[in-house]
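Worksheet for the structure shown next.
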């Protein structure tokens with residue numbers, strides 16, 4: 028609960044920074060209401076037994092979307108890890124080349 032409160036304070040100051048003073052409470056209230064509605068819907072999607080066709084379809088599509096988002100996140104993580112490894116290896120080779128050039132030329136950086 029304390030973490031949520033601290034997050035709310037940080038978001039309040041961010042909204043206060045980005046919005047006019049007269050619209051800050053309305054923007055913050057709208058964001059808080061939207062988050063609570065999202066959280067209730069999210070809880071319902073994961074923990075309910077839908078009875079109507081609409082709610083069954085909604086749950087299937089929500090879980091499908093979640094699996095797509097997870098797959099994209101995993102792919103992004105793999106790609107960024109590979110890119111990071113490549114950049115680190117290139118940097119290591121560049122450092123070796125610079126050190127070899129310094130040894131052969133007698134220059135010290």
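Residue numbers (the working numbering): 28 to 136. Glycine residues also receive a C-beta, built at the ideal position from the N, C-alpha and C atoms. Source: prediction; values computed, not measured.
Query: Do you know how far the Cα of residue 132 is from the Cα of residue 117?; Result: 22 Å
Query: Using 8 Å for Cβ pairs, my map puts residue 38 next to residue 55. What's the rounded Cβ distance?; Result: 7 Å
Query: Is it true that the CB of residue 86 sits closer than 9 Å to the CB of residue 75?; Result: yes
Query: Straight-line CA distance for residue 40 to residue 65?; Result: 22 Å
Query: Considering just the uninterrupted stretch of the alpha helix (DSSP H) at residue 43, what are its terminal residues?; Result: 29-45
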